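Read the structure below first, then the notes.
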Amino acid sequence: MHDEAPFRRWLDASLIDLGQSVQFFVTLNQQQANAAEQVQAWRAATLFREIRTVEALFTPILLMSDLILTRPDGAYRFGLAFFGLVGQGREQWNQALRAGAEKAVRLAFLRALKENQTPEQIIRKLTFGDREVQRRLMGELDWLSKRFDSVKQRDKVVRRLAVYYASYREAHLLAAEVARRYRDVMRVLHEDNLRRVLTPSSLRRSVASACCATWRPWCRTHAASWRDDGP
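Residues in the sequence shown are numbered consecutively from 159, following this note's numbering.
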């Protein structure tokens, strides 16, 4: 029986490489279209390089796709790789999710203060019925006033609550992020955009590549499944 470990390591590394290429497509679509001529030339060369990278990875990944299903998170990770949400791309998104959750929780406390609500009410709402967590966080409040003694104390509770709020919102926000990235990738890899950006010889090779001929329909299928079913 062959040792599958080296193939698993290669597949994991390849999915990260695929995700980095997709991250480039997403970033490219978000940049200004009227960049300087030298920047446009750089984008054309880099876009063609990334298309060739995806093409080189595409067939080997498909050939070893049976290994994906042997891992509990294999299919999930494989699907996210098509949208650049593995490796560094996923870590950046997670950081943005945590930052957004902290901001939302902090605003909830400020709004409660204006509406004469107590911190206890916000803690109960954002712990989603977890009584043990509620008890620990309420222990951070002043025993008599049941309010925060300081901004530092409030921020400590905000950071802890943000973990729960981010977990609660993650599935919905991840599905929305997949949809947004799908649109970005489709704009970049659309034949009209490739015709505008690439040289004629690069265009011919790109349009015929697996990246454009096969990968785009796969992305469409994965994006639709995330929209309909979620992660």
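Cβ coordinates follow ideal geometry from the N, Cα and C atoms, glycine included.
The model shown is predicted, which means the values in this text are computed figures rather than measured ones.
Would you kindly check if the distance between the Cβ of V180 and the Cβ of F240 is under 8 Å?
Inclusion of F240 and V180 in the CB contact set at 8 Å is warranted, their separation being smaller than that value.
Have a look at I209, P164, S172 and flag the residue whose alpha-carbon is nearest the alpha-carbon of H348.
When each option's Cα is compared against that of H348, the closest is I209.
G232, enclosing alpha helix (DSSP H) - first and last residue:
Start and end: 232-239.
Excluding the 5 residues preceding and the 5 following S303 in the sequence, name in chain order all residues of the same chain whose CB lies nearer than 8 Å to its CB.
No residues qualify anywhere along the chain.
Neighbourhood of R305 by C-beta distance below 8 Å, restricted to the same chain and skipping five residues each side
If the five residues before and after R305 are omitted, its C-beta is found closer than 8 Å to the C-beta atoms of T276, P277, L299, all from its own chain and listed in chain order.
Proximity to R282 [Cα-Cα], best of A329, D350, M296
When only C-alpha atoms are compared, the closest one is M296.
With a threshold of 16 other CB atoms inside 10 Å of the CB of E335, please say whether the residue is buried or exposed.
Buried.
With a 10 Å radius around its C-beta and 16 neighbouring C-beta atoms as the bar for buried, classify T228 as buried or exposed.
Note on T228: under 16 other CB atoms within 10 angstroms of its CB, so exposed under the neighbour-count rule.
If you check the beta carbons only, do L255 and E328 fall under 8 Å apart?
Closer than 8 Å, so yes.
Cα-Cα separation, V166 to P218:
Correcting the residue type first, residue 166 is Arg in the shown sequence and not Val. Just so you know, the alpha carbons of R166 and P218 end up roughly 12 Å apart.
Hey, how far is the Cα of T357 from the Cα of L176?
Rounded to whole angstroms, T357 and L176 show a C-alpha spacing of 24 Å.
Using a threshold of 8 Å, state whether the C-beta atoms of E290 and L225 are closer than that.
Their beta carbons are not under 8 Å apart, which means E290 does not touch L225 by this criterion.
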